């Protein structure tokens, strides 16, 4: 195996391991150590206006071609892994095919258009880094978490506190379906033809391809030595070696060095491309990188909930708990648990996005839907949106937990600047929404039981308990929300005893404010 | 020393919440399987010592001539397991049968249950296990647990149902359940509806052989009910007694020293409950355990509490709610025969009790009377987790503590393990429906708040 290929393999393995760990991590600490792997991805870097990274990647590609696709892009490496299995089943399985320009640039234009147009859900589906993120977080994380839970089980037996169990749940059906479909399509394409996705669909691949046509170094065929045996072409997963013309399509070559390795005559070598031999296809003009413009995206304001909010909708089932409680008390017996009815998501007029996202618009124009924040959220709050225009983007819900005051993990994890990094003190003053009380669900009135759990847990003391009967100061107390102080963390909604719908829930704000 | 360490570990596990409780069923089965090897042989010896079959100490109820084993089986903590259909728990009847068989064959002959115990399943399970033996080989005790409905009809129905469930036509010992908290409650449950008069008739008819009551509450009420002795003639009284409560009863309890003396004056036989405070006297702070172990290296921590409870002459039997075979075996060992405490040992235990007072444990005995909480909390699970952390030194007094990081992790991870997230203290609404049920008079909502606030401090890594 050539040194170059060996270097490529080592780097690729490190990169995919880092990316995989970053996404499957359940400890919440990985993003501190491995966050760089997400931040050096091209699209996240562009969206986060991380100019240093963008410039470095451009220089890297201009020098060596699309090495990015072989050693940095986790989805590219992931496809290589699958292609490897394909090659095991049949050797020399690839062959040259000409570039599918129309298809390639159609996808590219669609990507740019949707990104600029603010439909980042479509852009996100095409984009490689976030596709990898979705596959990892939806399909690999559960496996990892189950492994963790097994260790937690064992460590509990052993009296150790090293591991503790994690919840595993499908966070968004839409995203899950997208992830599975992407995986299936990619697996089939990679198994059969190697890097078809990278060279036809992937917008990052196309963008880098525009640069790599001009790369200084590249694999070059020495026509003197070449015996046109086509071994290299048959092992080229990019299908870019045209032996008939002794040409390599450098816009598609991902510099995997396989051709160098397999050539029986050592006719292919990675070296400086001399001008005379630059047989690469003529560069297309006019397709200059538009990526820089992405930041100017003018996204539409996120969608309004399509149907009018019906409060009655989430009052249903309110009586259930009361009934079961009464049954338990009919004859007083000791022990046992009251049934816990799972909480349901209330219908919100405006969705809630995490502090640091600044506004629905900012989030929509920067988010690639990679799911890193969703995966990193230790409180079960973030999940991908199911809305058509916001598909894959994170949003908040408080059925499993609430946005805890000491946590800013999502803002630290986000590689694209969609959720801008904030500090813990900053978070306590960012208003992402406000709480709304629903009289019909409140157990103080419904069950006639004292309760102040929302007020007691409000981190900003925005809830005051006031008499339910204004004329009787000693009547049972109900919560009153001071919306000016409420930051929308959802502690009240999560800890409200009313099930399945809480008696207090959070409405999101389109633009976050600092209070 | 090593063998005993293992034992302490086993005791440690008691309070570890639902997860272990479920598993406990399995552990007990294993233990029974192991014990099964020794079936038919007279003794079973192992590293922990023999479990004698014929050395049990008995006390005689002079009036009726009953020869009662000093170890009584409390049927409040029968093992449960997850139902096969996943809908909650059920009694693990096979294990109950094995525990009952083992207890009988090792000399235990007093079984104490109630219609309220183990979600209302205890009487039936106890009846099933005991009916496999001759009725003359054991004494049955159950109670009129008419807590929620005081009407005569409902109380009568409860009384009759106990006979069906326990498959018997007479009760050896019948109790007015948990009285003394308020006289109004007592009158409403037993006097105004004529239930006490009815039970006196039943005693005359021979269907109740001994009539008595169990006490939790105020001293004045104890005196008042005891004064009825002239008229009613109480055959026995059941009180909470242990070396911690003897002089330092907490909450709404009365010092056992006083209760015992009053009963002794009237020569009323005494049944002891909570000799171990629901495990709090076996799962003690580390250095208390070390103190007891140093004094008697070969005895379990729990054995001290049982010897204390059984040493006095008026004690008819000492109830222990034994969920696991290991507990049963350990207690049989302690009482076969009972080696009464010497005066020095008794003083030593009083000193130990004083030392234990310095530990801020919450006096929960895991009796489950407060359950089910209508809002889903696992109240005993939360309190036991808290106590466990107190005992193990995992309750940092300040965020500057040397072991703060370790203690914080043990507290938070242990909390999640012991109590499901949705059943933790932060869910308490403060409705106070639980408080009247607690025999230890714990202000449960107040404790829930305190624990929640402490947990938040740890979670948020606040300085304190």
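Residue numbers (the working numbering), protein chains in the order written: chain A, 3 to 517; chain B, 4 to 467. Ideal Cβ placement from N, Cα and C applies to all residues, glycine included. Just so we're clear, the structure is a prediction, and the values are computed from it rather than from any experiment.
Take every Cβ of the segment 326 to 344 of chain B, pair it with every Cβ of the segment 73 to 92 of chain B, and state whether three or more of those distances are shorter than 8 angstroms.
The segment 326 to 344 of chain B vs the segment 73 to 92 of chain B: in contact.
May I ask you to report which of helix, strand or coil DSSP gives residue 115 of chain B?
Here residue 115 of chain B refers to the residue found at position 112 when the second chain is read from its first residue. Residue state, collapsed to three classes: strand.
Ignoring anything shorter than 4 residues, give me the alpha helix (DSSP H) runs that lie fully in the segment 254 to 327 of chain B, in order along the chain.
259 to 268, 289 to 298 and 304 to 314, all fully within the segment 254 to 327 of chain B.
Taking the C-alpha atoms as reference points, what is the distance between residue 503 of chain A and residue 345 of chain A?
One-based indexing of the first chain puts residue 503 of chain A at position 501. One-based indexing of the first chain puts residue 345 of chain A at position 343. Approximately 6 angstroms between the Cα atoms of the pair.
Whole alpha helix (DSSP H) runs in the segment 486 to 517 of chain A with 4 or more residues, listed along the chain?
The segment 486 to 517 of chain A contains these whole alpha helix (DSSP H) runs: 493 to 497.
Using only CA atoms, which one of A/379, A/473, A/352 and A/336 lies nearest to residue 139 of chain A?
Counted from its first residue, the first chain places residue 139 of chain A at position 137. The shortest Cα separation from residue 139 of chain A among A/379, A/473, A/352 and A/336 belongs to A/379.
Going by C-alpha to C-alpha distance, which of B/350, B/388 and B/393 sits closest to residue 295 of chain B?
Taking the second chain and counting its residues from 1, one reaches residue 295 of chain B at position 292. That would be B/350, whose Cα lies nearest to the Cα of residue 295 of chain B.
What residues from the segment 433 to 444 of chain B come within 9 angstroms of chain A, judged by C-beta to C-beta, listed N to C?
Answer set for the segment 433 to 444 of chain B: 433, 434, 435, 436 and 440.
What residue range is occupied by the uninterrupted beta strand (DSSP E) comprising residue 74 of chain B?
Position 71 of the second chain holds residue 74 of chain B. 74 to 77 is the extent of the beta strand (DSSP E) around residue 74 of chain B.
Between which two residues does the alpha helix (DSSP H) harbouring residue 76 of chain A extend?
One-based indexing of the first chain puts residue 76 of chain A at position 74. Residue 76 of chain A -> alpha helix (DSSP H) spans 76 to 91.
Mind pulling the alpha helix (DSSP H) runs of 4 or more residues that sit fully within the segment 167 to 210 of chain B?
If we require 4 residues or more, the alpha helix (DSSP H) runs fully inside the segment 167 to 210 of chain B come out as 186 to 189 and 198 to 208.
Kindly indicate the opening and closing residues of the alpha helix (DSSP H) around residue 122 of chain B.
Locating residue 122 of chain B in the second chain gives position 119, counting from the first residue. That run of the alpha helix (DSSP H) goes 120 to 123.
How would you write the range of the beta strand (DSSP E) that residue 243 of chain B sits in, first residue to last?
Taking the second chain and counting its residues from 1, the one referred to as residue 243 of chain B is at position 240. Segment 239 to 243, the beta strand (DSSP E) holding residue 243 of chain B.
Closer than 7 angstroms, Cβ to Cβ, to anything on chain B: give me those residues from the segment 486 to 500 of chain A, in chain order.
Within the segment 486 to 500 of chain A, the qualifying residues are 497 and 499.
Does DSSP put residue 380 of chain A in a helix, a strand or coil?
Counted from its first residue, the first chain places residue 380 of chain A at position 378. It is coil, neither helix nor strand.
Applying the criterion that 16 or more other CB atoms from any shown protein chain within 10 Å of the CB defines a buried residue, is residue 322 of chain A buried or exposed?
Walking along the first chain from the start, residue 322 of chain A turns up at place 320. With a pLDDT of 43 at residue 322 of chain A, under the threshold of 50, the modelled position of that residue is not reliable, and the figure given next carries that caveat. Residue 322 of chain A should be labelled exposed.
Within 10 angstroms of the Cβ of residue 179 of chain A, are there 16 or more other Cβ atoms? Answer buried if so, exposed if not.
Mapped onto the first chain, residue 179 of chain A falls at position 177. Counting Cβ neighbours within 10 Å, residue 179 of chain A comes out exposed, since fewer than 16 surround it.
Taking only beta-carbon atoms, is residue 243 of chain A less than 7 angstroms away from chain B?
Taking the first residue of the first chain as position 1, residue 243 of chain A is located at position 241. Output row for residue 243 of chain A: interface = no.
At what residues does the alpha helix (DSSP H) containing residue 411 of chain B begin and finish?
Reading the second chain from its first residue, position 408 is the one you call residue 411 of chain B. Taken as a continuous stretch (DSSP letters only), the alpha helix (DSSP H) holding residue 411 of chain B covers 407 to 421.
Which residue marks the beginning of the alpha helix (DSSP H) containing residue 22 of chain A, and which one marks its end?
The sequence position of residue 22 of chain A within the first chain is 20, counting from 1. Unbroken alpha helix (DSSP H) run through residue 22 of chain A: 5 to 26.
Where DSSP assigns a beta bridge to residue 437 of chain A, which residues make up the other side?
By 1-based counting over the first chain, the position of residue 437 of chain A is 435. Paired residue(s): A/508.
For residue 159 of chain B, name the three-state secondary structure that DSSP assigns.
Residue numbering aside, residue 159 of chain B sits at position 156 when the second chain is read from its first letter. Helix at residue 159 of chain B.
Taking the straight line between their C-alpha atoms, what separation do you get for residue 61 of chain B and residue 182 of chain B?
Working through the second chain from its first residue, we reach residue 61 of chain B at position 58. Working through the second chain from its first residue, we reach residue 182 of chain B at position 179. Rounded to the nearest angstrom, the two C-alpha atoms are 28 angstroms apart.
Helix, strand or coil for residue 456 of chain B per DSSP?
Counted from its first residue, the second chain places residue 456 of chain B at position 453. Helix at residue 456 of chain B.
So, are the CB atoms of residue 318 of chain B and residue 275 of chain B less than 7 angstroms apart?
Position 315 of the second chain, counted from the first residue, corresponds to residue 318 of chain B. Position 272 of the second chain, counted from the first residue, corresponds to residue 275 of chain B. For residue 318 of chain B and residue 275 of chain B, yes; Cβs fall inside 7 angstroms.
Between A/51, A/98, A/64 and A/38, which lies nearest to residue 74 of chain A when the distance is taken from Cα to Cα?
Stepping through the first chain from its first residue, residue 74 of chain A is reached at position 72. Residue A/38 is the option with its Cα nearest to residue 74 of chain A.
Cβ closer than 8 angstroms: which chain A residues qualify as neighbours of residue 425 of chain B?
Residue numbering aside, residue 425 of chain B sits at position 422 when the second chain is read from its first letter. Chain A residues near residue 425 of chain B: 342.
Quick check on DSSP: helix, strand or coil for residue 233 of chain B?
Residue mapping note: residue 233 of chain B aligns to position 230 of the second chain, counting from 1. Helix, per DSSP.
When the Cα of residue 216 of chain B is compared with those of B/391, B/115 and B/278, which residue comes out closest?
Here residue 216 of chain B refers to the residue found at position 213 when the second chain is read from its first residue. Among B/391, B/115 and B/278, the Cα nearest to that of residue 216 of chain B is on B/115.
Does any C-beta atom of chain E lie closer than 7 angstroms to the C-beta of residue 473 of chain A?
Absent from the structure: chain E. Protein chains present are A and B.
Hey, is residue 371 of chain B's beta-carbon within less than 7 angstroms of any beta-carbon in chain A?
Counted from its first residue, the second chain places residue 371 of chain B at position 368. Yes, because at least one Cβ of chain A sits closer than 7 angstroms to the Cβ of residue 371 of chain B.
How big is the Cα-Cα spacing for residue 450 of chain B and residue 419 of chain B?
Within the second chain, residue 450 of chain B is the residue found at index 447, counting from 1. Within the second chain, residue 419 of chain B is the residue found at index 416, counting from 1. Cα to Cα, residue 450 of chain B sits roughly 18 angstroms from residue 419 of chain B.
Short of 7 angstroms Cβ to Cβ, which residues in the segment 431 to 447 of chain A face chain B?
Answer set for the segment 431 to 447 of chain A: 445.
Beta-carbon within less than 6 angstroms of residue 259 of chain B's beta-carbon, same chain only, minus the 5 sequence neighbours each way: which residues are those?
Here residue 259 of chain B refers to the residue found at position 256 when the second chain is read from its first residue. 244, 248 and 249.
For residue 94 of chain B, report the span of its beta strand (DSSP E) as first-last.
Here residue 94 of chain B is taken as the residue at index 91 of the second chain, counted from 1. Where residue 94 of chain B is concerned, the enclosing beta strand (DSSP E) stretches over 92 to 94.
Do residue 405 of chain A and residue 492 of chain A have their C-beta atoms within less than 7 angstroms of each other?
Here the question's residue 405 of chain A lines up with position 403 in the first chain. Here the question's residue 492 of chain A lines up with position 490 in the first chain. Yes, Cβ-Cβ distance for residue 405 of chain A and residue 492 of chain A is below 7 angstroms.
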